[in-house]
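So the mapping is simple: the numbering used here equals the position in the sequence shown, first residue as 1, plus 73.
By construction, the Cβ of each residue, glycine as well, lies at the ideal position given by its N, Cα and C atoms.
Predicted, not measured: the structure shown is a model, and the values here were computed from it.
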Amino acid sequence: PALMTKHDGILLVVPALPAGVTRKVLKDFVRSGLADAGYQRLGIGSRLCRCAIIRVTDLASGRSRLQGLVHVWPARAAMAAIQTLGGRELLGKPMQVRRYVHGSRFGSGGAMKSLSGTQRRSELKIELVDP
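If you want it as structure tokens, here you go:
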């Protein structure tokens, strides 16, 4: 696999979005974090390459959460956005923003937690909410 460079982007995850959020609202939220981190110059819109809202439902428990996925580049801008957006409110709810890590799942309060090698992942249903 290719090595990541400082110019590559990072996929950000917002693990517990409030009900009623749209892609536009999520993009504006991330843009505000980028602006506050000093990325307000021309081209801020192009720093958000892709954005999606998904509903992840644990079929065993029936519990579901809305998650935001936003690809931001360069990696330096994405890391700055994580710092400025943590705890910031979106639609009246304080948000957590993290770098996406493959192989993680929900913990308490919508936080992501890593799986150990001995844990088995429940079957999940993933749906695109706001195409």
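(request) May I have the straight-line CA-CA distance separating Ser217 from Gly93, to the nearest angstrom? (result) The structure shown does not extend to residue 217, since the chain is modelled only from 74 through 204, so no value can be given for it.
(request) Taking all protein chains shown into account, decide if Gln113 is buried (16 or more other Cβ within 10 angstroms of its Cβ) or exposed. (result) For the purposes of this step, residue 113 is identified with residue 40 of the sequence shown, where counting begins at 1. When all chains shown are included, Gln113 counts as exposed.
(message) In this structure, how does DSSP classify Met185 when only helix, strand and coil are distinguished?
(response) Working through the sequence shown from its first residue, we reach residue 185 at position 112. Note that Met185 scores a pLDDT of 49, beneath 50, so its modelled location is shaky and nothing firm can be said.
(message) Let's test the definition: count the other Cβ atoms within 10 Å of the Cβ of Gly141 and tell me whether it reaches 16, buried, or not, exposed.
(response) One-based indexing of the sequence shown puts residue 141 at position 68. Buried: at least 16 other Cβ atoms inside 10 Å.
(request) Please check the pair Leu85 and Ala153, which I expect to be a contact at CB under 8 Å, by giving their CB distance rounded to whole angstroms. (result) Position 12 of the sequence shown, counted from the start, is the residue given in the question as residue 85. Position 80 of the sequence shown, counted from the start, is the residue given in the question as residue 153. Not quite, the Cβ-Cβ distance comes to about 11 Å (not below 8 Å), so this is no contact.
(message) According to DSSP, His62 sits in a beta bridge with which residue or residues?
(response) Because the chain here runs from 74 to 204, residue 62 falls outside it and cannot be looked at.
(request) Flag this pair as yes or no: are the beta carbons of Arg138 and Ala108 separated by less than 8 Å? (result) The count along the sequence shown starts at 1 and reaches residue 138 at position 65. The count along the sequence shown starts at 1 and reaches residue 108 at position 35. In this structure, Ala108 does not lie closer than 8 Å to Arg138 by Cβ.
(message) Restricting to Cα atoms, I'd like to know which of Glu162, Gly165, Val143, Glu200 is closest to Arg172.
(response) In the sequence shown, counting from the first residue as 1, residue 172 sits at position 99. Measuring from the Cα of Arg172, the nearest candidate turns out to be Val143.
(request) Report yes if the C-beta distance between Asp203 and Arg136 is below 8 Å; otherwise report no. (result) Taking the sequence shown and counting its residues from 1, the one referred to as residue 203 is at position 130. Taking the sequence shown and counting its residues from 1, the one referred to as residue 136 is at position 63. Going by C-beta atoms, Asp203 is not nearer than 8 Å to Arg136.
(request) Would you mind stating whether Glu200 and Ile127 have Cβ atoms separated by less than 8 Å? (result) As a working note, residue 200 is residue 127 in the sequence shown. As a working note, residue 127 is residue 54 in the sequence shown. In contact: Glu200 and Ile127 (Cβ atoms closer than 8 Å).
(request) Identify whether Gly105 lies in helix, strand or coil by the three-state DSSP scheme. (result) As a first step, residue 105 is located in the sequence shown; it is residue number 32 there, counting from the start. The residue asked about is misnamed: residue 105 is Ser in this sequence, not Gly. Helix at Ser105.
(request) Answer yes or no: do Thr157 and Ala125 have a C-beta to C-beta separation smaller than 8 Å? (result) Here residue 157 refers to the residue found at position 84 when the sequence shown is read from its first residue. Here residue 125 refers to the residue found at position 52 when the sequence shown is read from its first residue. Against a cut-off of 8 Å, the Cβ pair of Ala125 and Thr157 comes out as no contact.
(message) Just to confirm the assignment, what range does the beta strand (DSSP E) spanning Glu200 have?
(response) For the purposes of this step, residue 200 is taken as residue 127 along the sequence shown, with counting starting at 1. Looking at the DSSP string, the run of the beta strand (DSSP E) that includes Glu200 is 197-201.
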